[in-house]
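Everything below concerns the one structure shown next.
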Amino acid sequence: MSRIKARFEALKAQSRGALIPYLQAFDPDLGTSLALLKGMPAAGADLIEIGVPFSDPSADGPTIQQAALRGLKAGATLAGVLEMVRAFREDDNETPIILMGYLNPIDSYGPARFCTDAAEAGVDGLIIVDLPKEESDLLAEDAKRCGLDIIQLVAPNTPDARLPLLLDDASGFIYYVSITGITGTRTASADELAAALPRLRAVSPLPVAIGFGIRTPEQAAQAASVGDAAVVASALIATLATTLEDGKATATTVPKVLGQLAEIAHAVRAR
Amino acid sequence: MSSEVPPRLNSLRNGPDQRGRFGSFGGQFVAETLMPLVQDLAEAYQAAKADPEFRRELDYYFRDYVGRPSPLWHAKRLSEELGGAKIYLKREELNHTGSHKLNNVMGQILLARRMGKTRIVAETGAGQHGVATATVCALFGMKCTIYMGAVDVERQKPNVFRMHLLGAEVHPVTAGSGTLKDAMNEAMRDWVANVHDTYFLVGTVAGPHPYPEMVRDFQSIIGIETREQMMAVENRLPDVLVAAIGGGSNAMGLFHPFLDDESVRMIGVEAAGHGLDSGFTAASISRGRSGVLHGNRTYLLQDEFGQIAEAHSISAGLDYPGIGPEHSWLNDIGRVEYVGVTDKEALDAFQLLTRTEGIIPALECAHGLAHVMKIAPDMAADQIIVLNLSGRGDKDIFTVAEHLGVSL
Numbered sequence: 001m002s003r004i005k006a007r008f009e010a011l012k013a014q015s016r017g018a019l020i021p022y023l024q025a026f027d028p029d030l031g032t033s034l035a036l037l038k039g040m041p042a043a044g045a046d047l048i049e050i051g052v053p054f055s056d057p058s059a060d061g062p063t064i065q066q067a068a069l070r071g072l073k074a075g076a077t078l079a080g081v082l083e084m085v086r087a088f089r090e091d092d093n094e095t096p097i098i099l100m101g102y103l104n105p106i107d108s109y110g111p112a113r114f115c116t117d118a119a120e121a122g123v124d125g126l127i128i129v130d131l132p133k134e135e136s137d138l139l140a141e142d143a144k145r146c147g148l149d150i151i152q153l154v155a156p157n158t159p160d161a162r163l164p165l166l167l168d169d170a171s172g173f174i175y176y177v178s179i180t181g182i183t184g185t186r187t188a189s190a191d192e193l194a195a196a197l198p199r200l201r202a203v204s205p206l207p208v209a210i211g212f213g214i215r216t217p218e219q220a221a222q223a224a225s226v227g228d229a230a231v232v233a234s235a236l237i238a239t240l241a242t243t244l245e246d247g248k249a250t251a252t253t254v255p256k257v258l259g260q261l262a263e264i265a266h267a268v269r270a271r
Numbered sequence: 001m002s003s004e005v006p007p008r009l010n011s012l013r014n015g016p017d018q019r020g021r022f023g024s025f026g027g028q029f030v031a032e033t034l035m036p037l038v039q040d041l042a043e044a045y046q047a048a049k050a051d052p053e054f055r056r057e058l059d060y061y062f063r064d065y066v067g068r069p070s071p072l073w074h075a076k077r078l079s080e081e082l083g084g085a086k087i088y089l090k091r092e093e094l095n096h097t098g099s100h101k102l103n104n105v106m107g108q109i110l111l112a113r114r115m116g117k118t119r120i121v122a123e124t125g126a127g128q129h130g131v132a133t134a135t136v137c138a139l140f141g142m143k144c145t146i147y148m149g150a151v152d153v154e155r156q157k158p159n160v161f162r163m164h165l166l167g168a169e170v171h172p173v174t175a176g177s178g179t180l181k182d183a184m185n186e187a188m189r190d191w192v193a194n195v196h197d198t199y200f201l202v203g204t205v206a207g208p209h210p211y212p213e214m215v216r217d218f219q220s221i222i223g224i225e226t227r228e229q230m231m232a233v234e235n236r237l238p239d240v241l242v243a244a245i246g247g248g249s250n251a252m253g254l255f256h257p258f259l260d261d262e263s264v265r266m267i268g269v270e271a272a273g274h275g276l277d278s279g280f281t282a283a284s285i286s287r288g289r290s291g292v293l294h295g296n297r298t299y300l301l302q303d304e305f306g307q308i309a310e311a312h313s314i315s316a317g318l319d320y321p322g323i324g325p326e327h328s329w330l331n332d333i334g335r336v337e338y339v340g341v342t343d344k345e346a347l348d349a350f351q352l353l354t355r356t357e358g359i360i361p362a363l364e365c366a367h368g369l370a371h372v373m374k375i376a377p378d379m380a381a382d383q384i385i386v387l388n389l390s391g392r393g394d395k396d397i398f399t400v401a402e403h404l405g406v407s408l
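As structure tokens, then:
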């Protein structure tokens, strides 16, 4: 069984939703982001999303854009990100890792070789922001061959008629982009979320993770209970950014981010 | 649009295919949030294209507002100076707002109105597309937001002021390198966040399908007129077509109606910046490779890891690390030749045209002229070159003065 499936089943048995924190690889440097990655499970991460820095992250707001630039400045490459995952897997063979990024670095690496290397490094799923279903034949077969889940994004403005196309052969979980907008901006209301879920449940049995605009412990707890998981990204990166001095990590960087994550995890688990 | 040259079987003019592709290029590489929008847009455009009323409306605005047809000018003194081929200039710089950009924005704003959109967002590099967009928004009373790289805002102040006068909001974009590609990212972010009432008015033959096709169709009026005018004056087709390329809309507009005419050679001129191998260039075809950015697969300037490189050109309008996907395809099948011209060569051409014809060209099309200067002398006197003079150069006099060491 894949790590993603196993983790969601285990959480279901405990009747609680998952918390999925996000970090940008190499932000602000490899050592710090690896320390964050390794510290996240103990701080309450059930799955982890790793952002792969890209020069032109057109679906991301300013917080993640800045993080991507810091990561690139620190020398992030796709191969380097896989190296990070490999290092993480030395101590943790259970927490699912999902890479989130844009297509061009993968295209440049070579989709088939990338899928092979990613699976071998211990990656479980891929979210490729600018690879819609219509273009996914670029790596769908390679991902399948390697046992990687391509996590399908669904947005509030995705028409019902489109859902079967997106979800019929989806695997892993569904990533529900709760707002039509970029990362780290607006937050969806409880009513908006409650209305959205039945649309997805009617079409797919997969767990639903809710992301974009989830900032507070309360919002995370609510999203994880309305859906099956909450993704928290910009809020953690914003915290990381406040700890930097001249763009460099300080002694407070890792503890502050993990502290915030623990607080959010506490709220998610209290529900 | 209804082109007056019917495409033949196995025509090169039938693209894109159902997936919005020209060969392996093009497509719809956008976030799921944008997918319903580009699909709606493709549908709305196909419906408009099939509606004679839409064509009539566009023709009316082309004639009475844009000022079409634009003249095809026989540049006698320039031809004599270069001593070879007979050179004609397709005078798109005489359009309202001073460039070919208005052809496209006029078509798209009519489509946006048809779709019931009330707000327009657009990206701009040199500001020509921003000014053209702000102009038609003023004409139709629509809200207009323009994203422009902070670096470009600084080097194109007169155009920023024009946009303000026309009632547009101009947002300087500081993210990334602060140029056209970053403005494009920001316009896409705005579109994603405001999908309900907003139309994204792309300025070139790039982006997710249907933009490359649609913008090409609206710009094809350039080639359609050129063909008619050439037949009327010379009773034959030209031998060579030359156009400068950033994203490639003026070139696509000139080339497309001639793609099936095998006798017509076509040359797209990219900005080589300091030189093709200098590391400071905007020549996506000559020095890039296939990749995916801004919704389409095309030739891109990028590093070995797939990070997009910053383009460099003296001309803000050519300062883009990509190129329209149809050009990438036309390059790969060998139908169009793509060459590079440096900043310095463009500056020389800029001055030559000004002195010989009394026409101050935009630095963009000065690149095209610089290549004409290289090939015309070796051609026979009865051979014909048409250069697309896509914009006027008033906006560039500050840049040119600076490079010539003159302080204004």
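In order, the protein sequences belong to chains A and B.
FYI, in UniProt numbering the residues of the first sequence are 1 to 271.
FYI, in UniProt numbering the residues of the second sequence are 1 to 408.
Think of the CB as a built atom: it goes at the ideal place given N, C-alpha and C, for glycine as much as any other residue.
Residue-chain proximity (residue i, chain B), Cβ-Cβ < 7 Å
i                : result
Asp130 (chain A) : yes
Thr104 (chain A) : Here residue 104 (chain A) turns out to be Asn, not Thr, going by the sequence shown. Chain B contact via Cβ: present.
Asp27 (chain A)  : no
Thr180 (chain A) : yes
Asp56 (chain A)  : yes
Ala241 (chain A) : no
Ala59 (chain A)  : yes
Ser108 (chain A) : yes
CB contact below 7 Å: residue i versus chain A
i                : result
Val153 (chain B) : no
Glu213 (chain B) : no
Ile308 (chain B) : yes
Ala122 (chain B) : no
Thr33 (chain B)  : yes
Val192 (chain B) : yes
Val173 (chain B) : no
Gly27 (chain B)  : yes
Asn250 (chain B) : no
Ile224 (chain B) : no
Val202 (chain B) : no
Enclosing alpha helix (DSSP H) for residue i [first to last residue]
i                : result
Arg227 (chain B) : Ile221 to Glu234
His129 (chain B) : Gln128 to Phe140
Ala10 (chain A)  : Arg3 to Ala13
Gly122 (chain A) : Looking at the DSSP string, Gly122 (chain A) is not in any alpha helix (DSSP H), and its letter there is neither H nor E.
Val226 (chain A) : Pro217 to Val226
Thr198 (chain B) : No alpha helix (DSSP H) contains Thr198 (chain B), which is instead part of the beta strand (DSSP E) from Thr198 to Phe200.
Residue i - containing beta strand (DSSP E), residue span
i                : result
Arg289 (chain B) : Arg289 to Leu293
Phe26 (chain A)  : From DSSP, Phe26 (chain A) is part of no beta strand (DSSP E); its letter is neither H nor E.
Ile146 (chain B) : Lys143 to Gly149
Glu123 (chain B) : Arg119 to Thr124
Ala271 (chain B) : Arg265 to Gly273
Leu241 (chain B) : Val240 to Ile245
Ala270 (chain A) : Segment Thr253 to Ala270 is the alpha helix (DSSP H) holding Ala270 (chain A); no beta strand (DSSP E) there.
Ile210 (chain A) : Val208 to Gly211
Residue burial classification, residue i (beta-carbon count within 10 angstroms, cutoff 16)
i                : result
Leu103 (chain A) : buried
Ser2 (chain B)   : Annotation note: pLDDT 45 at Ser2 (chain B) (below 50); position unreliable, coordinate value reported separately. When all chains shown are included, Ser2 (chain B) counts as exposed.
Asn235 (chain B) : exposed
Gln65 (chain A)  : buried
Ser315 (chain B) : buried
Val233 (chain B) : exposed
Tyr22 (chain A)  : buried
Thr242 (chain A) : exposed
Glu192 (chain A) : exposed
Pro159 (chain A) : exposed
Arg189 (chain B) : buried
Arg201 (chain A) : exposed
Within 7 Å of chain B by C-beta, residues of the segment 65–90 of chain A in sequence order: Gln65, Leu72, Thr77 and Leu78
Interfacial residues, the segment 134–161 of chain A to chain B, with Cβ spacing under 7 Å: Glu134, Glu135, Leu153, Val154, Ala155, Asn157, Thr158 and Pro159
Length at least 4, wholly inside the segment 27–92 of chain B: the alpha helix (DSSP H) runs in chain order: 35–49, 52–61 and 76–82
Residues of the segment 293–306 of chain B whose Cβ lies closer than 9 Å to any Cβ of chain A, in chain order: Leu293, His294, Gly295, Arg297, Leu300, Gln302, Asp303, Glu304, Phe305 and Gly306
Segments of 3+ residues assigned as beta strand (DSSP E) that fall wholly inside the segment 146–174 of chain A: 152–154
Beta strand (DSSP E) segments (min. 3 residues) lying fully within the segment 34–119 of chain A: 48–51 and 97–101
Contiguous beta strand (DSSP E) assignments of at least 3 residues, all confined to the segment 331–404 of chain B: 337–342 and 384–389
Minimum length 3: unbroken beta strand (DSSP E) runs contained in the segment 145–188 of chain B: 169–173
Residues of the segment 266–283 of chain B with Cβ closer than 7 Å to any Cβ of chain A, in chain order: none
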